[in-house]
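Those letters in the sequence shown? Residues -26 to -1, 1 to 289, per mature numbering (1 follows the signal peptide of the UniProt record, and there is no 0), in order.
The C-beta atom is built at its ideal place from N, Cα and C for all residues, glycine as well.
Step one of this worksheet: look at the structure below.
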Amino acid sequence: MAFLSVFTPVLAVVLCLVIGFVLVKSWDTETTSTSPGKSKGATKGEKRPWVDQDLQDDTEITAKEDDGDADDDWGDSTEEENLTQLPYSPQRYPEETMLQRSKEFYTLMNQRRSVRFISPEPVPREVIDNVIHTAGTAPSGAHTEPWTFIVVSDPDIKHQIRLIVEEEEEMNYRQRMGEKWVQDLAKLSKKNTFSFSFPSSCRTNWIKEYLDVAPYLILIFKQTYGILPNGKKKTHYYNEISVSISCGILLAALQNAGLVTVTSTPLNCGPKLRLLLKRPANEKLLMLLPVGYPASDATVPDLKRKHLDDILVHV
């Protein structure tokens, strides 16, 4: 009994320390798992952003714009006139023609690839206008058409865009993306090696020569809200998915015109590029596309797409 009485205080202290340690670890784990900007699979020392945060633009808004959250700054949809309904009779093809056209379009689009080797050869501006006009036919929430396409051909502006993108992309590759992401990209590169010290050894890296070389850069901005003629704000429903659909149609239109591009979502570049291009605060960068003819020595990875049975389910 004397032995137990001596060690009872010691055992009590040890027990309290163990319980405290368990509680602290539990709290740290919960905090880490719910902290923004980190994915569920992120390991210690790595910061892997969620997909929907990749292009987050947290640029501060002026006090006047911030006050716009008030109800009286938002326009009522009833302020706009109701649209008349028109008969709709699109061209209808015989079944054989439908089958042929669908196969031909698949063949055309199956040739589409992400190309990072773009020729500086000039492209008629009217062609670019036409493909963007085509992208503007996309459906959108409540027909708000929440997209702005910025076409950059000025060499100085293109170079400034490249400097902004490369500065952020280097940080992405070195710090934000994580080693696994970088290694997954390496297999798509011209050489199957990657080195932070020698970026030229991997074509998929932060060096974006095509931003200078391509005759056009198309920057697609989503409008998070619109501005009515009376100055009030207009809700843009499903603005991101609407603009994403428009981007898909744009890619198809570029392929149809014989042009190439590489889909680029420049992480953390949105605010700087928006300011460079003098775009308003309601516009957020969604995608950047260098556009032109493929270079004479262009190469692409020998990729295979999934079989139809792997992506199609009939019910």
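Residue(s) in a DSSP beta bridge with residue i
| i | result |
| --- | --- |
| M261 | I194 |
| P268 | I92 |
| K132 | According to DSSP, which records beta bridges pairwise, K132 is partnered with nothing at all. |
| T209 | Y199 |
| W121 | K196 |
| V126 | L191 |
| W48 | K207 |
| V234 | G266 |
Nonlocal neighbours in the same chain, by C-beta distance under 6 Å from residue i, ignoring five residues either side
| i | result |
| --- | --- |
| T122 | F195 and E257 |
| H117 | none |
| Y211 | G115 and A116 |
| R86 | Q229 |
| L202 | G49 and K208 |
Contacting residues, own chain, Cβ-Cβ under 7 Å from residue i (five flanking each side not counted)
| i | result |
| --- | --- |
| V287 | none |
| D283 | none |
| E140 | W180, I181 and K182 |
| A226 | M83 |
| Y199 | K207, K208, T209, H210 and N256 |
| K246 | I138 |
| L73 | none |
Selection from the options that minimises the alpha carbon distance to residue i
| i | options | result |
| --- | --- | --- |
| D103 | E119, Q85 and S127 | S127 |
| L241 | N204, M145, F79 and S218 | M145 |
| D186 | K132, D46 and P64 | K132 |
| S88 | I285, G266 and H281 | G266 |
| I135 | K280, G244, V289 and P254 | G244 |
| V105 | R75, P129 and L228 | L228 |
| L224 | Q59, P203 and A112 | A112 |
| E70 | H281, E78 and S63 | E78 |
| T237 | G49, L259 and R253 | L259 |
| E143 | V289, R248, T239 and R253 | T239 |
| R253 | I285, Q197, R66 and M261 | Q197 |
| A231 | R248, E100 and L247 | E100 |
| G222 | M261, K246 and L60 | M261 |
For residue j and residue i, believed in contact at Cβ under 8 Å, the rounded distance
| i | j | result |
| --- | --- | --- |
| P189 | P120 | Wrong, their Cβ atoms sit about 27 Å apart, outside the cutoff. |
| I192 | V125 | 6 Å |
| A109 | S218 | Not a contact, Cβ separation roughly 11 Å. |
| I138 | L250 | 7 Å |
| T235 | L263 | 4 Å |
| Y67 | R75 | 7 Å |
Nonlocal neighbours in the same chain, by C-beta distance under 8 Å from residue i, ignoring five residues either side
| i | result |
| --- | --- |
| F91 | Y184, P268, A269, D271, A272 and T273 |
| V97 | P189, Y190, L233, V265, G266 and Y267 |
| D130 | none |
| K280 | none |
| D26 | Here the model assigns D26 a pLDDT of 40, short of 50, so the residue's position is not dependable, and the following value carries that caveat. Here the set comprises nothing. |
Any non-hydrogen atom of the ligand MG within 7 Å of residue i CB
| i | result |
| --- | --- |
| K196 | Looking at this structure, you won't find the ligand MG or any other ligand, since it has none at all. |
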